[in-house]
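If you count the sequence shown from 1, position 12 lands on 11 in numbering that gives the first Met the number 0, and the numbers rise without skipping.
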Amino acid sequence: MDDNHSGSCLCGAVRFRTSGPLRGVVYCHCSQCRRQTGHFVAATASRDADIVIEGADALSWYGASDVAKRGFCRTCGSLLFWKHNELDTISIMAGSFDRPSGLRAESHIFVGDKGDYYSIEDGLPQFEKSAPSIKVADG
């Protein structure tokens, strides 16, 4: 699979390009992700050095906690990124990639906090909080 990917927000004011391997898609069911999106988040991740963001003047960052922030388009409101303050990686919302993305699902995190209106039945690994390999705001 090609390591070059691109994507954008809904209105196109913020675009990005990645050039390097992407993590498998992780579904996060934490209450912050659910409240911000109305459901759960599906995100991959890239090294900071492997992403170029265009339209940064339309990108706003919300400090969702003391250790992480969420990036969204101030024009259309699309959630695009999640960034841990201490890591050299950035999570990118899987739905923001141009198709074909080539992305594959990897796991579910914070299933202990998931909404009570759906079930998870895809057979992927599930973690009560975070997966051991994923550093999040709570872990």
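Backbone N, C-alpha and C fix where the C-beta goes; we use that ideal spot for every residue, glycine too.
Under the criterion of beta carbons closer than 8 Å, I50 and V13 do not qualify as touching, at roughly 12 Å. Spanning the alpha carbons of S18 and L79 requires a straight line of approximately 17 Å.
Taken through DSSP and simplified to helix, strand or coil, S30 comes out as helix. Judged by beta-carbon spacing, I89 lies within the 7 Å limit of S45, meaning their Cβ atoms are closer than that value. Taking the Cα positions, S118 is about 12 Å away from Q125. Going by beta carbons, L86 and A104 fall outside the 7 Å limit.
Taking the Cα positions, E120 is about 13 Å away from Y26. DSSP places F15 inside the beta strand (DSSP E), whose first and last residues are R14 to S18. In the three-state reduction of the DSSP assignment, G94 falls in the helix class. Secondary structure note for H107: its beta strand (DSSP E) is the uninterrupted segment A104 to I108. If you draw a 10 Å sphere on the C-beta of R98, you find fewer than 16 other C-beta atoms in it, and that means exposed.
Checking the DSSP bridge columns, you'll see G6 partnered with F15 and F96. Residue pairing by DSSP places E53 opposite R14 in a beta bridge.
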